[in-house]
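Peer 1:
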Amino acid sequence: MNIIEQIENTRKEYESDAVEAFVGRTITGVRYQTDEELEKSGWKCRALLFTLDDGAEILLISDPEGNGPGAIFYSKDTK
(Lines of atoms letter the chains of each structure in order from A and count residues from 1; the text may use other names and numbers.)
(Lines give C-alpha, C1' and ligand atoms only; values in the text may rest on other atoms or scores of the structure.)
Protein backbone atom coordinates (compact mmCIF):
# COMPACT_ATOMS: atom_id res chain seq x y z
CA MET A 1 0.00 0.00 0.00
CA ASN A 2 1.48 3.36 -0.97
CA ILE A 3 1.31 6.52 1.10
CA ILE A 4 -1.67 7.96 -0.84
CA GLU A 5 -3.72 4.83 -0.13
CA GLN A 6 -2.68 5.00 3.53
CA ILE A 7 -3.94 8.59 3.75
CA GLU A 8 -7.28 7.54 2.32
CA ASN A 9 -7.53 4.78 4.94
CA THR A 10 -6.50 6.86 7.96
CA ARG A 11 -7.87 10.38 7.42
CA LYS A 12 -9.85 10.43 10.67
CA GLU A 13 -6.83 9.75 12.90
CA TYR A 14 -4.47 12.39 11.53
CA GLU A 15 -3.74 14.81 14.36
CA SER A 16 -2.15 12.94 17.25
CA ASP A 17 -0.65 10.20 15.08
CA ALA A 18 1.08 12.71 12.81
CA VAL A 19 2.53 14.64 15.74
CA GLU A 20 3.76 11.51 17.48
CA ALA A 21 5.38 10.28 14.26
CA PHE A 22 7.96 13.09 14.45
CA VAL A 23 9.04 12.68 18.07
CA GLY A 24 12.56 11.23 18.31
CA ARG A 25 12.75 10.48 14.59
CA THR A 26 15.42 11.46 12.09
CA ILE A 27 14.68 12.45 8.51
CA THR A 28 16.63 10.12 6.22
CA GLY A 29 15.20 11.16 2.86
CA VAL A 30 13.22 13.86 1.10
CA ARG A 31 11.58 13.54 -2.31
CA TYR A 32 8.63 14.64 -4.39
CA GLN A 33 5.86 12.25 -5.43
CA THR A 34 6.62 9.96 -8.34
CA ASP A 35 4.58 10.18 -11.55
CA GLU A 36 2.56 7.15 -10.41
CA GLU A 37 1.85 8.64 -6.97
CA LEU A 38 0.84 11.95 -8.54
CA GLU A 39 -1.58 10.21 -10.88
CA LYS A 40 -3.13 8.18 -8.04
CA SER A 41 -3.54 11.29 -5.88
CA GLY A 42 -5.43 13.18 -8.59
CA TRP A 43 -3.57 16.36 -7.67
CA LYS A 44 -2.18 18.89 -10.17
CA CYS A 45 1.22 19.27 -8.53
CA ARG A 46 3.55 17.03 -6.59
CA ALA A 47 3.65 16.78 -2.81
CA LEU A 48 6.84 16.62 -0.79
CA LEU A 49 7.53 13.40 1.14
CA PHE A 50 9.91 12.89 4.05
CA THR A 51 11.22 9.42 4.93
CA LEU A 52 12.02 8.81 8.59
CA ASP A 53 14.61 6.50 10.10
CA ASP A 54 11.91 3.96 10.99
CA GLY A 55 10.75 3.73 7.36
CA ALA A 56 7.64 5.88 7.86
CA GLU A 57 6.83 8.49 5.23
CA ILE A 58 5.35 11.90 5.92
CA LEU A 59 3.47 13.56 3.08
CA LEU A 60 2.71 17.27 3.18
CA ILE A 61 -0.96 17.78 2.34
CA SER A 62 -3.19 20.85 2.27
CA ASP A 63 -5.76 19.60 4.77
CA PRO A 64 -6.70 16.50 6.78
CA GLU A 65 -8.88 15.22 3.96
CA GLY A 66 -5.98 15.06 1.50
CA ASN A 67 -7.51 17.48 -1.01
CA GLY A 68 -4.13 18.49 -2.39
CA PRO A 69 -0.44 18.83 -1.66
CA GLY A 70 0.71 21.20 1.04
CA ALA A 71 3.47 23.72 1.44
CA ILE A 72 6.41 23.96 3.76
CA PHE A 73 7.99 27.15 5.03
CA TYR A 74 11.67 27.09 5.91
CA SER A 75 13.46 29.78 7.87
CA LYS A 76 16.98 29.93 9.26
CA ASP A 77 18.39 32.66 11.44
CA THR A 78 21.58 33.86 9.73
CA LYS A 79 22.89 36.00 12.60
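Those letters in the sequence shown? Residues 10 to 88, per the numbering used here, in order.
Glycine included, C-beta positions come from ideal geometry on N, C-alpha and C.
Taking the beta carbon of Pro73 as the centre, do at least 16 other beta carbons fall within 10 Å, making it buried, or is it exposed?
Peer 2: exposed
Peer 1: Compute the distance between the beta-carbons of Arg8 and Leu47, then report whether it is under 7 Å.
Peer 2: The shown model of the chain, from 10 to 88, leaves out residue 8, and the question about it has no answer.
Peer 1: Assuming Ser45 is part of the alpha helix (DSSP H), what are its boundary residues?
Peer 2: Looking at the sequence provided, one finds Glu at residue 45 rather than Ser. Where Glu45 is concerned, the enclosing alpha helix (DSSP H) stretches over Asp44 to Ser50.
Peer 1: Need the endpoints of the beta strand (DSSP E) that Thr60 sits in, please.
Peer 2: Leu57 to Leu61
Peer 1: Of the choices Leu68, Gly64, Phe59 and Thr60, whose alpha-carbon is the least far from that of Ser50?
Peer 2: Leu68
Peer 1: Among Ala80, Leu58 and Gly79, which residue has its Cα nearest to the Cα of Val39?
Peer 2: Leu58
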